[in-house]
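The structure appears right after this line, and notes come after that.
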Amino acid sequence: MDRFATVQSNLKDQLNAVVFISSPTCSICHVDEPKVRQLATDYHIPFYHLDSVEDPELAGFFEVLTVPAVLVYHEGKEIARQARFIDFKNLEKRFAELPMDTLPTDYESLFK
């Protein structure tokens with residue numbers, strides 16, 4: 001199974017997840033990826049790094065038009081996204097707000 005298919009499958013099964021989409025020629029991606037990975041690690045959130053050149057179909061699936069792109073998932077649903085310019089304070093705030101248990105989720109509070 002290829003990496004893209006594995007990520008698609010895992011997003012459905014995990015409580016929270018972060019997808020980072022980049023390309024090899026994107027210098028900002030090389031700087032931002034370790035920062036996003038570390039934030040995800042700090043908040044115990046599974047992190048997936050996908051390459052838009054290696055898996056071109058992922059751009060259509062995730063509806064990503066530019067890189068870097070960070071997509072935040074909860075219970076298989078995208079709840080936040082940032083692209084091109086990553087606001088790390090806002091991203092960290094989103095991570096902190098993510099429920100870490102399987103109690104019913106108040107999606108209205110996630111989208112404030």
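Numbering (our numbering) for the sequence shown: 1 to 112.
Each residue gets a CB set at the ideal place from its N, CA and C atoms; glycine is no exception.
- Query: From the DSSP output, which residues share a beta bridge with Tyr73?
  - Reply: The count along the sequence shown starts at 1 and reaches residue 73 at position 73. According to DSSP, which records beta bridges pairwise, Tyr73 is partnered with Ala17 and Glu78.
- Message: According to DSSP, simplified to helix, strand and coil, what is Ile85?
- Response: If you number the sequence shown from 1, residue 85 lands on position 85. One point to set straight first is that residue 85 is Phe, not Ile, in the sequence displayed. In the three-state reduction of the DSSP assignment, Phe85 falls in the coil class.
- Query: Under a Cβ-count criterion, where at least 16 other Cβ atoms within 10 Å of its own Cβ denotes burial, should His74 be classed as buried or exposed?
  - Reply: The residue you call residue 74 lines up with position 74 of the sequence shown. Result: buried.
- Message: Going by C-alpha to C-alpha distance, which of Glu97, Leu15, Val19 and Asp13 sits closest to Asp51?
- Response: As a position in the sequence shown, residue 51 is number 51, starting the count at 1. Checking every option, the nearest Cα to that of Asp51 belongs to Val19.
- Message: According to DSSP, is Ser22 part of a helix, a strand, or is it coil?
- Response: The count along the sequence shown starts at 1 and reaches residue 22 at position 22. Looking at Ser22 - three-state DSSP - the assignment turns out to be strand.
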